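Since the structure comes first, as structure tokens, the remarks are kept for the end.
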Amino acid sequence: MEHKRVYLFIFTPVTRTKKEHIYTDLDLLKSKLLQWAQQYDEVIWLDSNSYEGQNYPEYEAILAVEAFTSIKTDYFGAFDKLEEYQSTTKDWIFGYLSYDLKNDVERLQSKNDDGLDFPDLQFFQPKKVFLLKGGILTMLYLPMCDDEIEEDYLQIQNTSPEIKEEAAESLSIKLKIHKDAYKDKVEKMLSHIYRGDIYEANFCQEFFAHGTIDPVRVYKNLNNISSPPFATYIKLDEHYVLSATPERYLKKIGEKVVSSPIKGTAARGKDDKEDIAFAKALSQDPKERSENVMIVDLVRNDLSRIAKKGSVRVEELCKVYPFKQVHQMISTVACDVSVGISPVDVIRATFPMGSMTGAPKVSAMQIIEDLEETKRGLYSGAVGYFTPDGDFDFNVIIRSILYNQQEDYISYSVGGAITAQSDPDKEYAECLLKAKAMRAVLEGKS
């Protein structure tokens with residue numbers, strides 16, 4: 185079996201040059217930073233959108249640009265390579281973990297169609313990092329470029345936040361799985377559940393188009409529609425991620441690790457009365473609560489592999505949070521990391537996230553692979569960063585548009601949890617609800 189070449193560069197850790205500036209208009213600064221960053225081949229932008237419901241908030245936004253060192257690989261031995269990179273670099277590193285890293289932690293395969301062709305894992309050590317928090321912009325530069333720090337700040341201040349208006353290309357969005365086929369596959373998933381092979385599985389489908397898009401414009405429009413707490417813009421050469429994800433996968437703060445799985449979705453109401461009714465109905469829905477509790481149990485089991493004995497706890501169970509497009513049911517599970525467990529081992533032990541797999545986890549992933557038509561790739565994977573002291577924060581890539589500019593391939597996927605109570609028609613309707621924002625943006629209706 186052939187594997188993609190790995191590029192790994194190691195250096196002796198150094199101290200970054202730090203410069204702070206006060207800002208008063210957060211939205212203006214965010215727009216300027218994202219526009220200014222487009223001159224670089226490697227860009228990762230993470231935006232909390234000042235979401236008030238987010239547990240464990242840290243930064244208003246983070247920008248990382250211009251790789252000094254990097255790692256890019258397929259799934260084979262990927263976590264070992266990431267651990268070597270993270271532990272040796274001991275600096276800020278940013279990147280992503282694709283869903284297909286499941287093949288590195290279990291004896292699984294990914295043989296479905298892949299129009300995006302993203303590497304399975306990619307991280308880089310940025311020359312320049314920007315942190316926005318509490319009215320302070322902190323610029324962290326590696327020594328070889330710290331003579332640019334003042335000039336860059338002036339350029340950012342003088343950057344126009346506006347995107348030049350151009351007519352968007354008309355896109356023909358297609359489905360990999362049409363409605364009747366989707367319902368047939370859900371019935372097959374249900375037969376596995378009735379036989380006792382699994383209790384629950386997350387079944388996903390892809391929507392795709394061939395054409396070109398303006399990634400910054402699409403990202404901004406998508407983010408404006410949803411304004412989620414873990415919005416993400418990635419530019420890594422020809423590969424783009426434009427994400428309005430509301431879900432955190434895993435965050436490490438010192439010895440503490442937190443996971444916040446989402447299971448349970450409802451539409452927003454036309455007015456306050458209807459909206460409150462929809463949220464209450466979701467909070468009391470036995471099927472949705474059952475889905476959420478199953479995933480909470482799975483996350484607890486995953487965390488127990490790396491946790492101090494007796495430290496795994498559920499901090500919040502089945503709480504409904506409002507977002508612009510939908511209501512979501514979210515739980516929060518936490519633990520304290522056992523002595524001697526590395527940051528990457530915490531991720532390895534819990535990956536992929538339970539909300540996007542099912543229970544039992546390995547059986548669910550095997551059935552998912554058999555029934556889905558598309559290799560998930562970065563969809564239902566994670567994007568985030570490690571800090572120099574080994575803390576990290578990663579989201580779950582859902583509600584996202586993925587784009588291979590070189591191949592003119594545009595993709596977004598949606599899915600839902602299938603349980604014994606699932607109705608194929610309702611599951612399909614939920615998928616269309618989740619896909620609404622991405623389709624509207626791509627069709628120029630946002």
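Add 184 to a position in the sequence shown, counting from 1, and you land on the number used in the working numbering. Glycine included, every Cβ here is placed at the ideal spot set by N, Cα and C. The structure displayed is predicted, hence computed values, not measured ones.
Met328 counts as exposed, since fewer than 16 other C-beta atoms from the protein chains shown sit within 10 angstroms of its C-beta. A straight-line Cα-Cα distance of about 37 Å links Glu250 and Leu617. Per DSSP, reduced to three states, the secondary structure at Thr558 is strand. In the DSSP assignment, Ala415 falls within the beta strand (DSSP E) that extends over Ala415 to Leu420. Between Phe391 and Ala619, the gap from beta carbon to beta carbon is short of 9 Å. Thr416 and Ser547 have their C-alpha atoms some 30 Å from each other. Distance check between Lys363 and each of Cys502, Glu614 and Leu230 places Glu614 closest, using alpha-carbon atoms only.
A straight-line Cα-Cα distance of about 12 Å links Lys312 and Asp331.
Per DSSP, reduced to three states, the secondary structure at Met513 is strand. For Trp229, the enclosing beta strand (DSSP E) has its first and last residue at Glu226 to Asp231. DSSP, reduced to helix, strand and coil, places Pro310 within a strand of the structure shown.
When the beta-carbon positions are compared, Ser584 and Ala428 come within less than 9 Å of each other. For His376, the uninterrupted alpha helix (DSSP H) run begins and ends at Lys363 to Arg379, by DSSP. Relative to Ile277, the option among Glu422, Tyr269 and Asp284 whose CA is nearest is Tyr269. When DSSP states are grouped into helix, strand and coil, Pro536 belongs to the coil group. Taking a C-beta distance under 9 Å as the contact criterion, Ile418 and Val567 qualify as a contact pair. Counting only the Cα atoms, Ser282 lies some 20 Å from Ser526.
Rounded to the nearest whole angstrom, the CA to CA distance from Leu355 to His394 is 7 Å. Around the Cβ of Ile382, a 10 Å sphere holds 16 or more other Cβ atoms; the residue is buried. Note that the C-beta distance between Val528 and Leu487 is not below 9 Å.
Bounds of the alpha helix (DSSP H) holding Leu218 are Leu210 to Trp220. A direct Cα-Cα distance of roughly 14 Å separates Glu500 from Met478.
Rounded to whole angstroms, the separation of the alpha carbons of Lys440 and Ile552 is 31 Å. Contact between the segment 508-524 and the segment 481-496 is established, with three or more Cβ pairs separated by less than 8 Å. Phe392 has Lys358 and Ser595 as its beta-bridge partners, per DSSP.
Checking the DSSP bridge columns, you'll see Lys256 partnered with Gln306. Close CB contacts of Ile333 within its chain, under the 7 Å cut and outside five residues either way in sequence, are with Thr201, Lys203, Met323 and Tyr325 (chain order).
With a minimum length of 4 residues, the unbroken runs of alpha helix (DSSP H) contained wholly in the segment 229-299 fall at 262-273 and 286-289. For the pair Met537 and Asn476, the CB atoms are not nearer than the 9 Å cut-off. Excluding five sequence positions before and after Val227, the CB atoms of its chain that fall closer than 6 Å to its own CB belong to Ala221, Val249 and Lys419, given in chain order. Annotated as proximal: Ile531 and Phe576, with beta-carbon spacing under 9 Å.
By a beta-carbon distance limit of 8 Å, Ser595 does not contact Phe507. Their separation comes to about 22 Å.
Within the same chain, and ignoring the five residues on either side of Ala465 in sequence, the residues whose Cβ sits closer than 7 Å to its Cβ are Ala450.
For Ser564, same chain residues with a beta-carbon under 6 Å away, outside a window of 5 residues either side, are Tyr283 and Met540 in chain order. Distance from the CA atom of Gly542 to the CA atom of Leu321, rounded to whole angstroms, is 40 Å. Around the Cβ of Gly600, a 10 Å sphere holds 16 or more other Cβ atoms; the residue is buried.
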